[in-house]
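Numbering (my numbering), first residue to last: 1 to 404. The C-beta atom is built at its ideal place from N, Cα and C for all residues, glycine as well. None of the values given here were measured: they were computed from a predicted structure.
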């Protein structure tokens with residue numbers, strides 16, 4: 001009897017831990033927004049009235065890159081008293097460090113842009129800093145890891161010389177699989193990383209129209225410095241194409257898309273978006289990014305344009321298999337399997353078989369036969385692992401239904 005009682009206690013403890021983690025994931029998604037709605041605040045109150053795995057919550061928020069958002073929202077909604085003090089301190093410290101980094105990076109980006117402009121080089125600020133300023137309405141809510149600047153291809157050499165004059169050194173040992181930007185670094189209060197882009201992606205894979213992007217750019221002000229950023233529609237497609245290139249911080253990147261959709265709701269030119277996604281060869285990436293932003297973060301996505309972006313059934317099935325919701329609400333160590341899964345998912349977002357093959361074989365070494373053998377092997381492993389996860393979920397759902 002004691003053995004049975006012990007087993008029952010273990011089962012109950014396991015169920016309690018599982019429930020606490022499920023609640024943590026829901027709170028994470030609800031707090032991943034620039035502004036809490038009354039409905040979301042009410043739901044948060046209901047969840048926080050019950051036990052929650054706060055240690056897991058903080059670890060997950062850190063892995064997904066959204067600690068500033070969740071700390072801000074829990075504080076503003078007056079839920080800080082629900083957080084155990086050690087976890088609350090972790091959230092506050094991470095938030096303060098984000099503020100510290102963002103202030104320095106924003107000032108430095110403005111300094112670099114000014115230096116380039118003084119030499120007649122046009123620039124467009126990409127991703128982090130520009131998004132933090134415009135989309136979130138509070139530069140402290142969106143962690144920035146580096147500075148990204150788009151320049152004209154013909155200005156590449158001059159721009160490199162100018163940033164070198166500012167103390168930046170080109171990062172050594174970078175591969176040739178990103179032939180559209182160069183990375184630089186400079187030692188300061190912390191290491192500053194700067195990427196100079198002359199295109200938004202590899203031209204062999206994605207057809208971003210350079211002249212069109214520049215002609216549609218919109219003004220931006222950074223630390224009192226006049227700059228430029230991509231138009232909302234172009235930014236949306238750029239972010240969608242960029243989303244699944246990372247294994248970590250995917251929720252942060254998805255939040256960028258969701259907040260852009262919320263800020264410009266009713267103002268986006270969806271005809272332009274759907275036509276451009278087709279011509280730029282990013283329809284699958286755009287479709288999947290909008291789908292995830294809508295289902296996980298409640299982003300407003302019009303049904304008509306979303307349907308027009310929808311890829312074929314087999315492609316949707318495989319993308320769901322390899323890029324499920326789990327990547328946005330879980331934390332996992334970087335492994336060979338995870339990187340191969342990301343590569344296969346990225347390949348599936350390409351327009352045709354040639355582009356897909358380029359993505360899948362580009363890290364396999366110089367020998368053609370070896371590249372193909374490695375590609376076939378890892379594709380088989382990734383597909384088998386994906387099917388295994390799918391069957392596990394089906395079995396778990398069946399057991400849940402049977403137990404109820």
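Limits of the unbroken alpha helix (DSSP H) element including residue i
i           : result
residue 87  : 85 to 118
residue 322 : 313 to 322
residue 357 : 353 to 361
residue 56  : 54 to 63
residue 242 : 232 to 242
residue 157 : 156 to 165
residue 46  : 38 to 48
residue 260 : 250 to 263
residue 270 : 270 to 279
residue 336 : 336 to 348
residue 291 : 283 to 297
Range covered by the beta strand (DSSP E) that runs through residue i
i           : result
residue 149 : 147 to 150
residue 186 : 181 to 187
residue 306 : First-last for residue 306: 303 to 309, but that is the alpha helix (DSSP H), not the beta strand (DSSP E).
residue 125 : 124 to 126
residue 191 : 191 to 197
Cα-Cα separation between residue i and residue j, rounded to whole angstroms
i           : j           : result
residue 317 : residue 391 : 14 Å
residue 55  : residue 87  : 6 Å
residue 213 : residue 196 : 16 Å
residue 282 : residue 114 : 33 Å
residue 405 : residue 201 : Here the chain has residues from 1 to 404 only, and residue 405 is not among them.
residue 321 : residue 145 : 30 Å
residue 341 : residue 356 : 13 Å
residue 20  : residue 51  : 6 Å
residue 70  : residue 28  : 7 Å
residue 22  : residue 84  : 18 Å
residue 167 : residue 119 : 17 Å
residue 135 : residue 97  : 21 Å
residue 185 : residue 143 : 18 Å
residue 300 : residue 147 : 29 Å
residue 68  : residue 373 : 44 Å
residue 257 : residue 190 : 28 Å
residue 33  : residue 238 : 20 Å
residue 154 : residue 382 : 41 Å
residue 343 : residue 353 : 14 Å
residue 99  : residue 217 : 27 Å
residue 291 : residue 234 : 18 Å
residue 165 : residue 385 : 49 Å
Bridge partners - residue i, DSSP secondary structure assignment
i           : result
residue 227 : 220
residue 79  : Answer is none; residue 79 lacks a bridge partner.
residue 170 : 184
8 Å contact criterion, which residue i and residue j should meet: CB distance rounded
i           : j           : result
residue 109 : residue 222 : 6 Å
residue 74  : residue 31  : 6 Å
residue 308 : residue 274 : 5 Å
residue 151 : residue 123 : 6 Å
residue 192 : residue 159 : Not quite, the Cβ-Cβ distance comes to about 16 Å (not below 8 Å), so this is no contact.
residue 112 : residue 163 : 6 Å
Cβ-heavy atom distance, residue i to the ligand GTP, below 8 Å
i           : result
residue 312 : The ligand GTP is absent from the structure shown, which contains no ligand whatsoever.
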